[in-house]
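Be aware that the sequence shown starts at 50, since it is given in our numbering, and climbs by one per residue.
Below is one structure, written out as structure tokens, with a few remarks after it.
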Amino acid sequence: MQPTQPQVAVTPAEVKPNDGPVKSVYDKLFNLAVGRWIVSVINLGLAAGILSKKPGEKMFVAAAYNIAVGGLHILLIFGPWIGPRARNSPLPPRWYYILIAISTPLWLSALIVMFVFRESDGKYEIINRRSLWGGLKDIAGNTITILENISIACGCMGVCAILFNIIQCYYIFKLQRAKFSAEELEEGYVQVNEPKDKSKDEAIKTG
């Protein structure tokens, strides 16, 4: 006979509850926000790459605007916590509606500006016309191709950011339409805000 293993008692505090329906939706909102943040970082890097090529005036303006939009969204990581506004409401805070309402047209305008101004740089066209050396022609042509490719990639990042915002709107609408019990609302409020409450407690202890 094999010796019996000792039974270890597990206290209720050690048992992690399963994520409720409210928490699962907020997890998706959080993942989409992270995706938008990553897209913002990539967009900023691509736009900075365009500026490094010393483009013409139009492309310079488009790249600078995309850097501003990307940089603004990168700073959102330092924003407040996203969670239910109250214990009896699953909806996010009102400022989050304002954020998406501002973010979406910003990305849309950045996308439009980048695609509208995606054209051959006049400065390199002049080099192309006046040059008698094939080497200079190749340099000009390569620069134009690089600018076009980067601008397309930058515009694609804008499309991704808009899609993330649209999907977030879908999940917020889902929270509005769904009917949760009082227990599910309380459970969701506690589960979503638990990391925020823990960070506050740790800050108080260390302070």
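Ideal placement from N, C-alpha and C gives every residue a C-beta, glycine not left out.
Cβ neighbour criterion (16 or more within 10 Å) applied to Val165: Val165 comes out exposed.
Short Cβ contact (7 Å threshold) for Gln93 with Gly128: Note that residue 93 corresponds to Leu in the displayed sequence, not to Gln. Their beta carbons are not under 7 Å apart, which means Leu93 does not touch Gly128 by this criterion.
Burial state of Glu236 (16 or more Cβ within 10 Å): Residue environment: Glu236 is assigned as buried (16 or more neighbouring CB atoms within 10 Å of its CB, all protein chains considered).
Exposed unless 16 or more other CB atoms sit within 10 angstroms - verdict on Lys260: Past the boundaries of the shown model lies residue 260; the chain is included only from 50 to 256, so the question cannot be answered.
Residue from Lys223, Cys218, Val118 and Gly84 with nearest C-alpha to Leu160: When only C-alpha atoms are compared, the closest one is Val118.
Close beta carbons around Cys257, own chain, < 6 Å, minus the five adjacent residues each side: One cannot answer for residue 257 here, as it falls past the ends of the chain, which runs 50 to 256.
Cβ-Cβ distance between Pro104 and Leu212 below 7 Å: Going by C-beta atoms, Pro104 is not nearer than 7 Å to Leu212.
Euclidean distance between Cα positions of Asn115 and Ala96: About 6 Å.
Pick from Tyr146, Leu78 and Pro133 that is closest to Tyr229, judged by C-alpha positions: Note on identity: in this sequence residue 229 is Phe, with Tyr being the wrong assignment. Relative to Phe229, the option among Tyr146, Leu78 and Pro133 whose CA is nearest is Pro133.
Buried or exposed (CB count within 10 angstroms, at least 16 for buried), Arg85: Under this definition Arg85 is a buried residue.
Rounded Cβ spacing between Val28 and Ala111 (contact assumed at less than 8 Å): This structure does not reach residue 28, given that the chain is present from 50 up to 256, and the question cannot be answered.
Counterpart residues of Ala159 in DSSP-defined beta bridges: DSSP output for Ala159 lists no bridge partner at all.
Exposure label - Val83; buried when at least 16 CB within 10 Å: It is exposed - the Cβ of Val83 has fewer than 16 other Cβ atoms within 10 Å.
Segment limits, alpha helix (DSSP H) that includes Lys107: Segment Glu106 to Ile123, the alpha helix (DSSP H) holding Lys107.
Rounded distance between the beta-carbons of Asn80 and Thr153, thought under 8 Å: Their Cβ separation, rounded to whole angstroms, is 18 Å, which puts Thr153 and Asn80 out of contact at 8 Å.
Collapsed DSSP secondary structure at Ala97 in the structure displayed: Residue state, collapsed to three classes: helix.
Tyr145 burial status per 10 Å Cβ neighbour count (16 or more: buried): The residue in question, Tyr145, is buried, as its Cβ has 16 or more Cβ neighbours within 10 Å.
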